[in-house]
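Student: Residue numbers (our numbering): 192 to 530.
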Ligand code: NAD
Ligand code: UDP
């Protein structure tokens, strides 16, 4: 009987790139997604790029019966759990919706996994669980805190999964703490396709460059950073996808739970990103300096050595790769998957 890896939220930005990476590595992949923030077109393109079939199921992780049906029909060896809502601002307006979708959804997923004795789980956590870290680069042992319901939901899920492993030590769980995913597959066929006005820097820059938005607002230039603008650890989504493959391999051999940073270890400022984008792609990115965005921190980048030691993984892509691949996707698909 064929073994499958189940990707919840497999049609999303990181899920679709990971699906491509996994099918190319020989895994059979099932995506389970309610398309609340994605399009079925993404995985059709993954199939075209890879020449491999992906089983796509429309469903919600809060729907225990729908998940049970999937686990009954297919032999699933591991789950990579991307499904979740991720907009910080929206989460402060709709906290119950975020806790229900992210936290309750994860509990339901784990309950079904447990019922079918599937105990290998890769969870999409986030550097947001470090809150405003006292020290950079940030180690996995750094204190955790959160300042908004999105961050709280990630932190709560980490705590729930830790308790689960305490109670049932035969689980194998990786909490992958992503820093700032950017970029796209080098084909330009799949990429990040945000709904409405982008919250994140890179999609905003690329929508300005393509003429969909007039100018970028740089949120503050008075932070204690080299040029005064916020510093983040941008990681190419193809490197990030590979991190999931390595985590699945690791979980084959190890029980217990590990939190692992996935980042480059290098911080770039907002202006570094704007300059790299316009220089590499020879395209203008008009911007103005505006007020700080409430809740933003000055600087956040990873100490990435645990991923190297444990998973044998480190990033390969450069800043130029990130901005070039973002632009290829954006310029070829100015309206995302609706183009
Ligand atoms: P995304 O919105 O593109 O993908 C999430 C996918 O999950 C979407 O396809 C969405 O339709 C689906 N989904 C949401 N709720 C669902 C539900 N209840 N049932 C089934 N499917 C559901 O986001 P992404 O950028 O690919 O992020 C993937 C994961 O990584 C998320 O959990 C996110 O919080 C986490 N993460 C993302 C970032 C980032 O900056 N992109 C950073 C850190 C962590
Ligand atoms: N940022 C900005 N203008 C924007 C969006 C983001 O100046 O339109 C800045 C933001 O203040 C932060 C950095 O870009 O310093 C990365 O922001 P993003 O929302 O992408 O990631 P996060 O803050 O969640 O790490």
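For each residue, glycine too, the CB sits at the ideal point set by N, CA and C. In this text the structure is predicted, and so the values were computed from the model without any measurement.
(1) Less than 6 Å separating the Cβ of residue 291 from some heavy atom of the ligand NAD?
(2) Using 7 Å as the threshold, is the C-beta distance between residue 248 and residue 220 below it?
(3) Who are residue 272's beta bridge partners in DSSP?
(4) What is the rounded straight-line gap between the Cα of residue 421 and the Cα of residue 303?
(5) Which same chain residues, not among the five before or five after residue 523, have their C-beta less than 7 Å away from its C-beta?
(6) So residue 361 is in the beta strand (DSSP E); what residue range does that whole segment cover?
(7) Here's the rule: buried if 16 or more other CB atoms are within 10 angstroms of the residue's CB, otherwise exposed. What is residue 139?
(8) If I measure Cβ to Cβ from residue 261 and keep anything under 8 Å in the same chain, skipping five residues before and after, which residues do I get?
(9) Residues in its own chain within less than 8 Å of residue 338 by CB, not counting five upstream and five downstream?
(10) Within 10 angstroms of the Cβ of residue 449, are there 16 or more other Cβ atoms? Answer buried if so, exposed if not.
(11) Closer than 7 Å, CB to CB, is residue 222 near chain C or not?
(12) Taking buried to mean at least 16 other C-beta atoms within 10 Å of its own C-beta, is residue 216 buried or exposed?
(13) With distances taken between CB atoms, is the gap from residue 320 to residue 335 smaller than 7 Å?
(14) Have a look at 459, 374 and 299 and flag the residue whose alpha-carbon is nearest the alpha-carbon of residue 417.
(15) Please give the ranges of any alpha helix (DSSP H) in the segment 242 to 314, keeping only runs that are unbroken, at least 4 residues long and fully inside the region.
(16) Is residue 387 helix, strand or coil by DSSP?
(17) Candidates 526, 214 and 253: which alpha carbon is nearest residue 394's?
(18) DSSP state of residue 409, grouped into three classes?
(19) Going by DSSP, what residues sit across from residue 371 in a beta bridge?
(20) Specify, as a first and last residue, the run of the alpha helix (DSSP H) that residue 466 falls within.
(21) Over what stretch of residues does the alpha helix (DSSP H) that includes residue 454 continue unbroken?
(22) Just the C-alpha distance for residue 364 and residue 195, rounded to the nearest angstrom, thanks.
(23) Determine whether the beta carbon atoms of residue 374 and residue 513 lie at a separation below 7 Å.
(24) When you compare the CB positions of residue 441 and residue 502, do they come within less than 7 Å of one another, or not?
(25) Report whether the distance from the Cβ of residue 322 to the nearest heavy atom of the ligand UDP is below 6 Å.
(26) Between residue 202 and residue 227, which are expected to be in contact by the criterion C-beta below 8 Å, what is the C-beta distance as a whole number of angstroms?
(27) What residue range does the alpha helix (DSSP H) around residue 376 cover?
(28) Looking only at its own chain, which residues have a Cβ that is under 7 Å from the Cβ of residue 415, when we skip the five neighbours before and after it?
Tutor: Here's the rundown:
(1) no
(2) no
(3) 199 and 314
(4) 41 Å
(5) 379
(6) Here residue 361 belongs to no beta strand (DSSP E), and DSSP marks it neither H nor E.
(7) Because the chain is modelled from 192 through 530, residue 139 falls outside the range shown and cannot be assessed.
(8) 197, 221, 223, 248, 250 and 267
(9) 322, 323 and 486
(10) buried
(11) The structure shown contains no chain C; it is built from a single protein chain.
(12) exposed
(13) yes
(14) 459
(15) 255 to 264, 279 to 284, 286 to 289 and 296 to 306
(16) coil
(17) 526
(18) strand
(19) 425
(20) 461 to 472
(21) Run containing residue 454: none; DSSP gives neither H nor E here.
(22) 17 Å
(23) yes
(24) yes
(25) no
(26) Not confirmed; about 10 Å, so no contact.
(27) Element bounds for residue 376: n/a, residue is neither H nor E.
(28) 489
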